[in-house]
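Notes for the one structure printed next.
Residue numbers (the working numbering), protein chains in the order written: chain A, 1 to 116; chain B, 1 to 116.
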C-alpha cells in the first residue's frame with residue numbers, strides 16, 4: 001500500500017531543546033496529519049494540514065508545537081521548547097482527500113521522542 | 001463526543017483459524033466512517049479495511065472482513081485463515097461525517113498472537 005516515511009525513527013533530546021520531526025507523505029496526497037501515542041494509550045489526533053495551513057488542532061497541540069511543509073518538502077512537526085510530557089511516539093499520516101475512499105489515512109511507522 | 005472502545009486487550013489463536021475482534025463506537029452523527037488498522041512489531045501502521053456507515057453490506061478485503069451491526073454501534077473485525085504474520089496490534093478507528101478535518105478517534109487496540 002501507499003507508504004509514509006518518518007525520519008528519524010527515534011530521537012532523544014534534552015528538555016527545553018527544540019526538535020523537528022520529519023514526514024514524507026504519500027506523493028499525491030494533499031492532507032497531512034500528526035497523531036501522538038503515549039505508551040499504553042490510544043493514538044490521539046494532534047493536527048491536520050492542507051494547502052499550507054492548519055485546518056484543525058486538538059488541545060494536545062500546545063503553543064510550543066508548529067507544523068509546516070515548505071515547498072512540498074517534508075511535512076514537519078516542530079516542538080520548541082520540549083517538555084518531559086512530550087515524550088511519546090508521533091505518527092504522521094496523509095490522505096488524498098476528505099470524502100469517500102479518499103479520506104483513508106495512511107500512516108508512517110512513527111518517531112519515538114524521548115525527552116530527558 | 002465520539003468514543004471508540006475495544007474491550008479485548010489480547011487474543012491468542014492457532015495458525016489457520018479465525019479470529020474475531022470487537023469494537024464499539026459512540027457518535028451523534030448519522031454519517032461516519034469506520035476503519036481498522038494493524039500495528040506490526042516494527043511499529044508500522046497498516047490500513048486494512050473500512051466501512052462507510054451508509055453501506056449495509058459488510059466490507060471484505062482479502063482475508064479481512066467486517067461485521068457491521070449499526071443498531072449496536074459495533075464494527076467487529078474477522079480474520080480468517082490466520083497466518084503467523086497476522087500477529088500484531090489491531091486498532092479500530094472512527095471518523096464522524098460532519099465537519100472538516102478527517103479526524104480519527106482510535107480505540108486502545110487488541111493484541112493478537114497467532115501461534116504455529
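By construction, the Cβ of each residue, glycine as well, lies at the ideal position given by its N, Cα and C atoms. This structure is a prediction, so every number in the text was calculated from the model and none was measured.
So, are the CB atoms of residue 103 of chain A and residue 101 of chain B less than 7 angstroms apart?
Looking up residue 103 of chain A in the first chain gives position 103. Looking up residue 101 of chain B in the second chain gives position 101. No, Cβ-Cβ distance for residue 103 of chain A and residue 101 of chain B is not below 7 angstroms.
Within 8 angstroms, do at least three Cβ pairs link the segment 87-94 of chain A to the segment 14-24 of chain B?
no
Selected residue, minimal CA-CA separation from residue 106 of chain A, among A:32, A:13, A:17:
The residue you call residue 106 of chain A lines up with position 106 of the first chain. Looking at the Cα atoms, A:32 is the closest of the given residues.
Among B:112, B:32, B:5, which one has its Cα closest to the Cα of residue 42 of chain A?
Start at 1 with the first residue of the first chain, and residue 42 of chain A comes out as number 42. Comparing Cα positions, the closest option is B:5.
Tell me whether residue 13 of chain A sits in a helix, a strand or coil according to DSSP, three-state version.
Taking the first residue of the first chain as position 1, residue 13 of chain A is located at position 13. Here residue 13 of chain A sits in strand by DSSP.
Within 7 angstroms of any Cβ in chain A, is that where the Cβ of residue 58 of chain B sits?
Start at 1 with the first residue of the second chain, and residue 58 of chain B comes out as number 58. For residue 58 of chain B, the answer is no, since every Cβ of chain A falls outside 7 angstroms of its Cβ.
With a cut-off of 7 angstroms, does the C-beta of residue 38 of chain B fall near any C-beta of chain A?
Here residue 38 of chain B refers to the residue found at position 38 when the second chain is read from its first residue. No, its Cβ sits nowhere closer than 7 angstroms to a Cβ of chain A.
Contact set between residue 42 of chain B and chain A, taken where Cβ atoms lie within less than 7 angstroms:
Numbered from its first residue, the second chain carries residue 42 of chain B at position 42. Neighbours of residue 42 of chain B on chain A, chain order: 109.
Compare the C-beta of residue 98 of chain A against all C-beta atoms of chain B and say whether one is closer than 7 angstroms.
Along the first chain, one-based indexing puts residue 98 of chain A at 98. Yes, residue 98 of chain A lies at the interface with chain B (some Cβ there is under 7 angstroms from its Cβ).
Let me see if you follow: with CB-CB separation under 7 angstroms, is residue 84 of chain B close to chain A or not?
Position 84 of the second chain, counting from 1, holds the residue named residue 84 of chain B. Taking Cβ atoms only, chain A never reaches closer than 7 angstroms to residue 84 of chain B, which makes this a no.
Just to confirm, is the Cβ distance from residue 64 of chain A to residue 18 of chain A under 7 angstroms?
Residue mapping note: residue 64 of chain A aligns to position 64 of the first chain, counting from 1. Residue mapping note: residue 18 of chain A aligns to position 18 of the first chain, counting from 1. For residue 64 of chain A and residue 18 of chain A, no; Cβs fall outside 7 angstroms.
Specify the secondary structure class of residue 67 of chain B as computed by DSSP and reduced to three states.
Residue mapping note: residue 67 of chain B aligns to position 67 of the second chain, counting from 1. Looking at residue 67 of chain B - three-state DSSP - the assignment turns out to be strand.
Using 7 angstroms as the limit for Cβ to Cβ distance, is residue 103 of chain B near chain A?
Numbered from 1 along the second chain, position 103 holds the residue referred to as residue 103 of chain B. It does; some Cβ of chain A falls within 7 angstroms.
Measure the C-alpha to C-alpha separation of residue 64 of chain B and residue 51 of chain B and round it to an integer number of angstroms.
Mapped onto the second chain, residue 64 of chain B falls at position 64. Mapped onto the second chain, residue 51 of chain B falls at position 51. If you take the alpha carbons of residue 64 of chain B and residue 51 of chain B, they lie about 12 angstroms apart.
Do residue 32 of chain B and residue 53 of chain B come within 7 angstroms of each other at the CB atom, strictly closer than that value?
For the purposes of this step, residue 53 of chain B is taken as residue 53 along the second chain, with counting starting at 1. For the purposes of this step, residue 32 of chain B is taken as residue 32 along the second chain, with counting starting at 1. Contact: yes.
Reducing DSSP to helix, strand and coil, say where residue 76 of chain B ends up.
To locate residue 76 of chain B, count along the second chain from 1; it is residue 76. Residue state, collapsed to three classes: strand.
Does residue 45 of chain A get closer than 7 angstroms to chain B when you measure Cβ to Cβ?
Here residue 45 of chain A corresponds to residue number 45 of the first chain, with the count starting at 1. Judged by the 7 angstroms Cβ criterion, residue 45 of chain A is in contact with chain B.
Could you tell me the distance, in whole angstroms, from the CA atom of residue 78 of chain B to the CA atom of residue 90 of chain B?
Working through the second chain from its first residue, we reach residue 78 of chain B at position 78. Working through the second chain from its first residue, we reach residue 90 of chain B at position 90. About 11 angstroms.
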